[in-house]
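Written below as structure tokens is the structure these notes are about.
Numbering (this note's numbering), first residue to last: 1 to 506.
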């Protein structure tokens, strides 16, 4: 029974604990020196056990880093090793410490490696990048409406329209020339209507995208609110919510590309997120946004916060680019196209109504409609080309002077307050639009390059380097093996002290 008690007390010493009562005589040392030596060895054993735990944790962290090397938004983690020194509160005699300077290593903290300043810079730049990308996409799509280099492009069709009038000037009585004019006019008018329709459809698509943008904002905000709660609970228990924080940061990256966001971390580890100047996330509550009809912008929608019906206002991000395209760029192009169509309708109709057809008909409008949406050849002339008023005089079928007056409109500066011809005005639409596309592309490309550069910098700080992790893994493995060897050595020393010095258990 005495031997059993000695084994029990020896086990406690090996675990760095003092002997405990076990119903048998406790392990007693021959003298005070033996007891102090045994206590010192137990402290050394505890130090080695702490080293085992610390380096086991380091191996686990390296393994976690390697496993998530390709996970989007993952920040590499590192174990903070801190030496445990004497603090004056340790209940050991000076002799028992044997000159010891500390009690091993503490590895209680596992931090993620993150540069918050780089995060801020990158998110600011993502807003500018996605704003210009959204605008660039819309302008490039609109450019296809105007800048069509084929024979079916509006510029080419306008040229054919004027050429057909010159053919009528040269052959006022020719049915073929009049039929060609009817065909050229109908084709040009249809192309103008289609261009107008394409722009209106594009604007409607941009408007519909607001609803999808609202869904994306709500999904991200809701998840951030949920993560706020989870992070708070985890860290209240003294643990590190590193992976949850990574996910939250990834969502902030996504939101910054959508709109003008700002955020701040609170003492309880949650973050408050603002969209524009309005609170989007607070603690574990997300404020939803939705798309509603904008009474100040007929036919269009706007985003509002459902809680108080306040408008969502943003100065950057994809949402800003969509709104700029929908409310400024596209309406501007529609207005220019309308002005071109209205100028043709007004100018040609005024001259045509004063002329005479082959049957002496007069007072007919050449075009119907008022703008780009409804410009069309007068259906009377479509079925009766002989009524096209090519003559300026009654009963003068061979006279093409009225047709010449209309043909000369091609060179008249009737557009842009009398400064441009029809062709110049259309060319100006195309060139200005092209310049806007180049500018938006340039801004988007510049912001994209900056975003890539900042992301590379962030990856150099937070990203996982497999070679580095393998080096850390090997170092932790060797340290673990060394700590295990220390434990074996101390165990042997305890055996020697207890079994081979003096007489214990008397």
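Note that beta-carbon positions come from the ideal geometry of N, C-alpha and C, so glycine has one too.
Alpha carbon of residue i to alpha carbon of residue j, nearest angstrom
i: residue 29; j: residue 45; result: The predicted position of residue 29 is uncertain, since its pLDDT is 49 and thus under 50; no value can be drawn from it.
i: residue 393; j: residue 169; result: 14 Å
i: residue 232; j: residue 240; result: 10 Å
i: residue 149; j: residue 76; result: 53 Å
i: residue 131; j: residue 190; result: 34 Å
i: residue 69; j: residue 245; result: 16 Å
i: residue 476; j: residue 242; result: 21 Å
i: residue 144; j: residue 359; result: 43 Å
i: residue 128; j: residue 257; result: 8 Å
i: residue 442; j: residue 448; result: 10 Å
i: residue 51; j: residue 42; result: 14 Å
i: residue 104; j: residue 483; result: 11 Å
i: residue 386; j: residue 434; result: 41 Å
i: residue 49; j: residue 124; result: 47 Å
i: residue 353; j: residue 346; result: 11 Å
i: residue 294; j: residue 207; result: 11 Å
i: residue 142; j: residue 425; result: 17 Å
i: residue 289; j: residue 303; result: 6 Å
i: residue 117; j: residue 413; result: 57 Å
i: residue 318; j: residue 107; result: 44 Å
Nearest-angstrom beta carbon gap, residue j and residue i [assumed within contact, 8 Å]
i: residue 182; j: residue 377; result: 6 Å
i: residue 330; j: residue 138; result: 7 Å
i: residue 221; j: residue 273; result: 7 Å
i: residue 158; j: residue 422; result: 7 Å
i: residue 469; j: residue 111; result: Going by Cβ atoms, the distance from residue 469 to residue 111 rounds to 16 Å, so no, they are not a contact pair.
i: residue 349; j: residue 327; result: The Cβ separation is near 32 Å, so there is no contact.
i: residue 269; j: residue 283; result: Not a contact, Cβ separation roughly 11 Å.
i: residue 210; j: residue 322; result: 7 Å
Selection from the options that minimises the alpha carbon distance to residue i
i: residue 461; options: 495, 188, 358 and 78; result: 78
i: residue 134; options: 444, 466, 481 and 276; result: 444
i: residue 250; options: 493, 314 and 120; result: 120
i: residue 115; options: 473, 483, 458 and 480; result: 458
i: residue 285; options: 328, 225 and 304; result: 225
i: residue 410; options: 80, 161 and 58; result: 161
i: residue 415; options: 294, 436 and 342; result: 342
i: residue 375; options: 188, 109, 67 and 71; result: 188
i: residue 259; options: 217, 308 and 57; result: 217
i: residue 195; options: 152, 235 and 167; result: 152
i: residue 292; options: 197, 201 and 306; result: 306
Exposure label - residue i; buried when at least 16 CB within 10 Å
i: residue 381; result: buried
i: residue 62; result: buried
i: residue 172; result: buried
i: residue 276; result: buried
i: residue 82; result: exposed
i: residue 146; result: buried
i: residue 355; result: buried
i: residue 266; result: exposed
i: residue 309; result: exposed
Chain B within 8 Å of residue i, Cβ atoms only
i: residue 303; result: The displayed structure is made up of one protein chain only, and chain B is not part of it.
message: As an exercise, report each continuous alpha helix (DSSP H) stretch of at least 4 residues that is fully enclosed by the region 237-283, in chain order.
response: 242-258
message: Quick check for students: name the residue ranges of the beta strand (DSSP E) that lie wholly in the region 99-186, counting only runs of 3 or more.
response: 102-112
field: Ordered list of alpha helix (DSSP H) runs contained in the region 351-399, each at least 4 residues
entry: 379-383
query: If you scan the region 435-502 from start to end, which runs of the alpha helix (DSSP H) of 4 or more residues do you find wholly inside it?
result: 466-500
field: 3-residue-minimum beta strand (DSSP E) runs that sit fully inside the region 41-84, ordered along the chain
entry: none
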